[in-house]
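Here the structure is laid out as structure tokens; the discussion comes afterwards.
Numbering (my numbering), first residue to last: 672 to 893.
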């Protein structure tokens with residue numbers, strides 16, 4: 672078991688007919704209990720002899736607890752050769768995750784999922800209404816029909832420019848930056864081109880790898 676973000680090995684074991692327990696044609700072996708933090712993302716890496724008969728039919732991916740979700744499949748150790756998970760995936764190995772403690776609380780958590788979702792939907796709707804009200808009152812918010820994910824950054828920027836032009840806002844230069852960035856406006860002013868027609872002046876980080884895990888993960892974008 673590898674931490675997908677840090678690539679740290681969390682647990683490691685060797686399974687064989689000598690130390691494993693046979694069940695339905697597979698050998699299983701327990702590993703030491705490990706406490707995983709909330710939203711933990713890990714990679715199960717298995718290597719060894721694979722019997723072709725175990726790969727002849729589709730594997731049933733059991734996720735009835737709603738506490739675990741599958742995201743990617745790896746052919747080998749290369750990230751570039753991994754693909755987004757799909758229900759028809761076939762595997763030559765089996766992995767069983769067992770909750771060792773706090774089971775009653777987790778079951779209650781699963782049972783309350785619909786109630787939490789309804790509360791969250793209500794909160795999102797309320798926030799949307801307040802944003803729309805502020806946009807109408809002050810005109811300081813541009814709402815664009817783009818989902819804020821990695822692959823939509825360029826589309827979001829162009830949609831924002833379109834919203835500015837529709838409002839006939841007058842400006843010499845339009846500067847866009849992230850909300851967690853401190854901008855040195857004087858230095859920026861000194862570096863912008865002197866020509867003021869059809870200028871696209873920007874600074875982007877080149878060859879930035881796509882995030883496969885974490886808040887801004889992209890499952891299929893390359």
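Ideal Cβ positions, reconstructed from N, Cα and C, are used throughout, including at glycine. Note that the structure is predicted; figures quoted are calculated from it, not measured.
Helix, strand or coil, according to DSSP, for residue 754 in the structure here? Against the chain shown, residue 754 aligns to sequence position 83. In this structure, residue 754 counts as strand in the three-state DSSP scheme.
Can the beta-carbon of residue 770 be found closer than 9 Å to that of residue 713? Within the chain shown, residue 770 is the residue found at index 99, counting from 1. Within the chain shown, residue 713 is the residue found at index 42, counting from 1. It is not a contact, given that the beta carbons lie outside the stated cut-off.
Buried or exposed by the 16-neighbour rule on C-beta atoms within 10 Å, applied to residue 883: The residue given as residue 883 occupies position 212 in the chain shown. So residue 883 counts as buried.
Which residues in the same chain as residue 860 place their Cβ atom closer than 8 Å to its Cβ, once the five residues preceding and following it in sequence are excluded? By one-based count along the chain shown, residue 860 stands at place 189. Closer than 8 Å at Cβ, skipping near neighbours: no residue.
Considering only the beta carbon of each residue, do residue 690 and residue 700 sit closer than 9 Å? As a position in the chain shown, residue 690 is number 19, starting the count at 1. As a position in the chain shown, residue 700 is number 29, starting the count at 1. Yes. Within cutoff.
According to DSSP, is residue 683 part of a helix, a strand, or is it coil? Here residue 683 refers to the residue found at position 12 of the chain shown. The answer is coil: DSSP assigns residue 683 none of H, G, I, E or B.
Does the distance from the C-beta atom of residue 826 to that of residue 840 stay below 9 Å? The count along the chain shown starts at 1 and reaches residue 826 at position 155. The count along the chain shown starts at 1 and reaches residue 840 at position 169. Taking 9 Å as the Cβ cut-off, residue 826 and residue 840 do not qualify as a contacting pair.
So for residue 814, helix, strand or coil by DSSP? Position 143 of the chain shown, counted from the first residue, corresponds to residue 814. In the structure shown, residue 814 sits in coil (DSSP, three-state: anything other than H, G, I, E or B).
Please check the pair residue 889 and residue 846, which I expect to be a contact at CB under 8 Å, by giving their CB distance rounded to whole angstroms. Counting from one through the chain shown, the residue named residue 889 turns up at place 218. Counting from one through the chain shown, the residue named residue 846 turns up at place 175. Not confirmed; about 27 Å, so no contact.
Which residue from 754, 707 and 738 puts its Cα closest to that of residue 744? By 1-based counting over the chain shown, the position of residue 744 is 73. Ranking 754, 707 and 738 by Cα distance to residue 744 puts 754 first.
In this structure, how does DSSP classify residue 809 when only helix, strand and coil are distinguished? Mapped onto the chain shown, residue 809 falls at position 138. Here residue 809 sits in helix by DSSP.
Counting along the chain, where does the alpha helix (DSSP H) carrying residue 692 start and finish? If you number the chain shown from 1, residue 692 lands on position 21. Not the alpha helix (DSSP H): residue 692 falls in the beta strand (DSSP E), residues 692-694.
Pull up the CB-CB distance for residue 774 and residue 738, whole angstroms please, since I reckon it's below 8 Å. Counting from one through the chain shown, the residue named residue 774 turns up at place 103. Counting from one through the chain shown, the residue named residue 738 turns up at place 67. That belief does not hold up - the Cβ atoms of residue 774 and residue 738 are roughly 11 Å apart, past 8 Å.
Once you ignore the five residues that flank residue 885 on each side, which residues in its own chain have a CB closer than 8 Å to its CB? Here residue 885 corresponds to residue number 214 of the chain shown, with the count starting at 1. Once the five neighbours on either side are set aside, the close Cβ partners of residue 885 are 676 and 712.
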